[in-house]
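Notes follow the structure.
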Amino acid sequence: MKTFKQYISEAYISPNGGEKFGQVIFLVGGAGSGKSYATMKAINSKSYKIINPDEVKKLVVAVANAGKGFADIKGMDIYDKKEGQILQKYIGGKRFNSKRIKAMLGDKNRKQLPNLIFDQTFSWKGEIQKRAKTLIDAGYKKENLHVVYVFVDIDIALKQNRERKRVLPDDVVINTGRGSKKSFLTLLKQKTEGSDNVDGEYHIIFRDKKNQPTSMQIKKSGNKFVADGGIALQVALLLKK
């Protein structure tokens, strides 16, 4: 059996050998986990468009302020704690997100679909499965839908959250941390309907002893995760589960 050190890598995560088109990364991790930092340090994201909740919030507020829709959120400040939470709930619906993705992708028969990174907690049940279906309908292949889980201990996430410009309540950090881990494991073990649509590479990013992002690939595109294999044991030890 391989040792833990043999499983980890300091190299960039570059799905399917660095393909320039047609790849999607679901970047999963609770609030305060350091997903943006992990993207910069551990993922080869140069050919990817990064989509995160703040970007969507800015878009809908800009549209609302221009008088072109979304009148009930006109004038809201995405950096205000209360209004930011209202906006988060507002954009969280499946219908809005699906429409935005389809509009961004355009013709589903195009040969070169853009590489995308969806950067959010994905702490709600079924979020990724729903998003994956929309992407497959748009022309992406399930073996090109990848998952990167950014894992940190809750106490570290709480500390990092308190050092940010926008500080979230502790319960949000705790609940999104737990929810994102559950979402990741559910996908990995294909325990719910639609999980098999996300059949690309699976990676975990975590902090080493020097507090630097380190990655571990635990599944290859198109391969099944072996729940009783050596890599499964390493995942269990890392996530303390």
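Residue numbers (numbering that gives the first Met the number 0): 0 to 240.
Each residue gets a CB set at the ideal place from its N, CA and C atoms; glycine is no exception.
Host beta strand (DSSP E) of residue i (start-end)
i	result
LYS180	Here LYS180 belongs to no beta strand (DSSP E); instead the alpha helix (DSSP H) covers 169-187.
ARG206	201-206
GLN211	No beta strand (DSSP E) contains GLN211, which DSSP labels as neither H nor E.
ILE77	First-last for ILE77: undefined, no H or E at that position.
LEU26	23-27
ASN114	114-118
Cβ neighbour criterion (16 or more within 10 Å) applied to residue i
i	result
MET215	buried
GLN84	exposed
TYR78	exposed
PRO212	buried
PHE20	exposed
GLU200	buried
LYS93	For LYS93, the pLDDT reaches just 40, beneath the cut-off of 50, and the residue's location in the model is therefore unreliable, although a value from the coordinates is still provided. Its Cβ having fewer than 16 others within 10 Å, LYS93 is exposed.
VAL168	The sequence given here places Pro at residue 168; Val does not occur at that position. Classification of PRO168: exposed, given that the 10 Å Cβ count is below 16.
GLU126	buried
SER179	buried
GLY228	exposed
ARG130	buried
ASP198	buried
Endpoints, alpha helix (DSSP H) assigned at residue i
i	result
VAL151	First-last for VAL151: undefined, no H or E at that position.
ASP71	Segment: none, ASP71 is in no alpha helix (DSSP H) and carries neither H nor E.
ASP53	52-64
SER35	34-41
Under 7 Å between C-beta atoms of residue i and residue j
i	j	result
ASN43	TYR11	yes
ASN196	GLN22	no
LEU115	LYS48	yes
HIS145	ILE230	no
PHE183	TYR148	yes
PHE150	ILE217	no
LYS73	ALA61	no
Checklist line | the stretch 57-71 contacting the stretch 22-35, beta-carbon criterion three pairs below 8 Å | finding: The stretch 57-71, when compared against the stretch 22-35, does not touch it at the 8 Å Cβ threshold.
Next item on the list: Examine the Cβ distances between the stretch 112-122 and the stretch 166-178 and report whether three or more of them are shorter than 8 Å.
Entry: With contact defined as three or more Cβ pairs closer than 8 Å, the stretch 112-122 and the stretch 166-178 are in contact.
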